[in-house]
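Below: the structure, in structure tokens.
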Amino acid sequence: MKALRHLLSMDDLDRDDIDYLLDLTQRYVEVSERKIPRIPALRGKTVALVFYEDSTRTRISFATAASRLSADTLGFDVKRSSANKGESLRDTIETISAMGIHGIVLRHFGAGAPWRVCEWTDASVINGGDGRNQHPTQSLADLFTARQHLGELDGKRVAIVGDIKNSRVARSNAIGFAKMGAEVVFVAPQTLLPVSLEGWPVSVTHNLDEVVDEIDICYLLRMQLERQHDAPVPTMREFHHEFGLTAARADRLKEGALIMHPGPMNRDVEIAGEVADRPNAVITEQVANGVAVRMAVLFVLIGSRLDLVEESSLADQESAVA
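Taken in order, the sequence shown gives residues 5 to 326; the numbers are from the numbering used here.
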């Protein structure tokens, strides 16, 4: 795998990089299943969790990942920080960096914010979600989960359904699944698609019923009402009828097809409540795998340089004291 200092976008990774991270993730899944799920691979390192937007899964996942690698975490609560008094993002980052941290996980409402932060710190920066733009570690968790169940993803067909326009997950997964050889189709009304999809590795349909029988993954997205400044659909009931994964549509999925969702779910909007609880819905697995994926990313970015070699074993990492 090529040397990485930051992870800002799925565009930062080629297929070999993704394969390497997913293989490393499998090792960390095994660590997480131990009675005491902790190794000292990042002992002495500090990771700052800088979240300007609300988060449950991503924030707790990164905190758990850092803890399992024996790193310290520095939490940042915007509502209780000087940012609430008007302190700029730059001043906040420079203040945190002065404390001697090694990694920053940033979630910010502004698209492109992580790229700016890289200019203001010597720490490694991980994009935990920037506006409508990117969410690379979510995509890696999704790819890992899909690969666990389906094997290699070459030739698999993935439908990403719902609020594409406002979803950073849709953007990251369109890139990630395409790089792994899958065919990606966006399914949404025109009002929930970006103005332009030029250059995107996807096809588009406005009719879920046209593709539901043929797909290997049905990936549902919630309606991001907090980012919508108009009324893109007449009602949630109508959206569910036209684009939701209803029980009838779920019954039509071919054998072995996966139902995925990045969370949080709006049951009976993008996905029927009972469908979310079916055996082929791997939504909680995505969450669990997110911890191991983020362990892999943290180790690759801020682990000891001596341990970042292609043939390094988990035993090497366990004995590492950075």
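Every residue gets a Cβ at the ideal spot worked out from N, C-alpha and C, and that includes glycine.
Burial state of residue i, where buried means 16 or more other Cβ atoms lie within 10 Å
i: Thr29; result: buried
i: Asn270; result: buried
i: Gln194; result: exposed
i: Val279; result: buried
i: Lys6; result: exposed
i: Lys160; result: buried
i: Gly203; result: exposed
i: Asp146; result: buried
i: Gly248; result: buried
i: Glu214; result: exposed
i: Val100; result: Checking the sequence, you will find Ile at residue 100 rather than Val. So Ile100 counts as buried.
i: Met299; result: buried
i: Met14; result: buried
i: Ile22; result: buried
i: Val162; result: buried
i: Lys169; result: buried
i: Ile221; result: buried
i: Phe113; result: exposed
i: Ser65; result: buried
Unbroken alpha helix (DSSP H) run spanning residue i, endpoints
i: Gly294; result: Ile287 to Ile306
i: Leu147; result: Pro140 to Leu154
i: Val173; result: Arg172 to Lys183
i: Ala69; result: Arg61 to Arg72
i: Arg282; result: From DSSP, Arg282 is part of no alpha helix (DSSP H); its letter is neither H nor E.
i: Leu28; result: Arg19 to Ser36
i: Val216; result: Taken as a continuous stretch (DSSP letters only), Val216 belongs to no alpha helix (DSSP H), as it is neither H nor E.
i: Ile130; result: Note, Ile130: premise wrong, no alpha helix (DSSP H); beta strand (DSSP E) at Ser128 to Asp134.
i: Thr96; result: Leu93 to Ser101
Start-to-end residues for the beta strand (DSSP E) that takes in residue i
i: Gly107; result: Gly107 to His112
i: Met248; result: Just to set this straight, residue 248 is Gly in the shown sequence, not Met. Looking at the DSSP string, Gly248 is not in any beta strand (DSSP E), and its letter there is neither H nor E.
i: Ala163; result: Arg161 to Val165
i: Leu53; result: Thr50 to Phe55
i: Glu259; result: Per DSSP, Glu259 belongs to no beta strand (DSSP E) and is neither H nor E.
Rounded Cβ spacing between residue i and residue j (contact assumed at less than 8 Å)
i: Ala150; j: Leu224; result: Wrong, their Cβ atoms sit about 14 Å apart, outside the cutoff.
Beta-carbon gap between residue i and residue j smaller than 8 Å
i: Thr62; j: Gly116; result: no
i: Leu154; j: Met184; result: no
i: Ser176; j: His139; result: yes
i: His10; j: Ser143; result: no
i: Ile4; j: Thr68; result: Because the chain is modelled from 5 through 326, residue 4 falls outside the range shown and cannot be assessed.
i: Glu289; j: Arg226; result: no
i: Asp217; j: His244; result: no
i: Val191; j: Leu212; result: yes
i: Ala296; j: Ser71; result: no
i: Pro41; j: Ser74; result: no
i: Leu26; j: Phe303; result: no
Same chain, Cβ closer than 8 Å to residue i, neighbours up to 5 away in sequence not counted
i: Ala182; result: Val188, Pro205 and Val206
i: Leu305; result: Leu8, Arg9, His10, Leu11, Gly107, Ser128 and Ile130
i: Asn284; result: Leu257, Gly260, Ala261, Leu262 and Ile263
i: Leu78; result: Thr50, Val51, Ala52, Leu53, Ile100, Met103 and Ile105
Cutoff 8 Å: residue i Cβ touching any chain D Cβ
i: Asp20; result: The structure shown contains no chain D; it is built from a single protein chain.
Cβ neighbours of residue i in the same chain (closer than 6 Å, five flanking residues each side left out)
i: Pro266; result: Gln142 and Val173
i: Pro118; result: Leu12, Leu110, Val129, Asn131 and Asp134
i: Asp18; result: none
i: Ser316; result: Reliability fails at Ser316, whose pLDDT of 47 lies under 50, so the model's placement of it is uncertain and the value that follows must be treated cautiously. Here the set comprises nothing.
i: Ser92; result: none
Contact set for residue i: own chain, Cβ-Cβ below 7 Å, skip 5 residues either direction
i: Tyr24; result: Met5
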